[in-house]
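Using the working numbering, the first residue of the sequence shown is number 52, and each one after it goes up by one.
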Amino acid sequence: MPQWPGYEQDCAAREPLRLYCDYASVARQQWKNVAIVSANNMAVHGIINLFKTLYPLCLQIFSDAKSLQYSLMVAKNFHPDIIIWIDARVQRLEGMSSLAIQISRRMPGVKQLMLSECIPSELTVRLRGVRVASLNTPISELTKIMKACLVPVERSGGLFSGRFMTPGQWRTIRLLIKGLSVRQVAELNGISPKTVWGREEEVMRQLNLQGHVQKAWFYRSITEVLEDMPGLGRHKRGRRR
52 MPQWPGYEQD
62 CAAREPLRLY
72 CDYASVARQQ
82 WKNVAIVSAN
92 NMAVHGIINL
102 FKTLYPLCLQ
112 IFSDAKSLQY
122 SLMVAKNFHP
132 DIIIWIDARV
142 QRLEGMSSLA
152 IQISRRMPGV
162 KQLMLSECIP
172 SELTVRLRGV
182 RVASLNTPIS
192 ELTKIMKACL
202 VPVERSGGLF
212 SGRFMTPGQW
222 RTIRLLIKGL
232 SVRQVAELNG
242 ISPKTVWGRE
252 EEVMRQLNLQ
262 GHVQKAWFYR
272 SITEVLEDMP
282 GLGRHKRGRR
292 R
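Okay, here's the thing in structure tokens:
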């Protein structure tokens, strides 16, 4: 169990709890809607203590996955930006993970973080799009993870800034869009098929795109841009002197 300060708190609260980051500028608060799913009062309060130092939050606490599922998909009365799943008991993670995967597919814009004492590796593989961390993670590292969930990645450096897409990733994506196989792309670029997969996966992760449908949408969007601006996808070749 993590060594976080805490006290007994009602996890069945009906109204969102607002946590102010700056009391002097309440009117200018940019709220983040956060859902915490846990029956562990100590852990919940520990997370709240960390969160309230980072960002102004509109917080909703759910005692179990079914309560969150009802709020999201039936009542539709809460629209979270971030969902945090907390449970020390591994055997209860299966139910949580099923809903987390469903949310990841249906609501790809919602960031998710799952915390437990020990998360099996086979479950981690299934939880694509969900950040995973141990309850025994040091507070400093957990704070970094939470900041990554709260603060959007800056993309002001241009298309090939390294934060979004490198030139190598762009060449790989462009060749895949043309219909070349992974092996053909690897041979043309002098890299391994594993590297080709890795480049494509990294671009999908940076864009928070998951599944074949979203990848197809992304590829179709690039194809339309290249058709409108043919020179963008070509490299001029000239005779070297």
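Glycine included, each C-beta is placed from N, C-alpha and C at the ideal position.
Its Cα nearest to that of L101, the residue P189 stands out among L150, P189 and G146. Look at the beta carbons and you see the stretch 230-240 not touching the stretch 258-272: under three pairs across the two are nearer than 8 Å.
Per DSSP, the beta bridge partners of W136 are V88 and M165.
Cα atoms of F129 and M255: separation of roughly 27 Å, rounded to the nearest angstrom. The three-state reading of DSSP puts S185 in strand, counting E and B together. Shown here, K83 sits in a strand according to DSSP, grouped into three states.
The Cβ-Cβ distance between Y106 and K83 falls below 7 Å.
Between the alpha carbons of G146 and A116 lies a distance of about 7 Å.
The beta-bridge partner set that DSSP reports for Q111 consists of A86. Annotated three-state conformation of R179 is coil, per DSSP.
With fewer than three CB-CB distances shorter than 8 Å, the stretch 189-199 does not count as touching the stretch 223-230.
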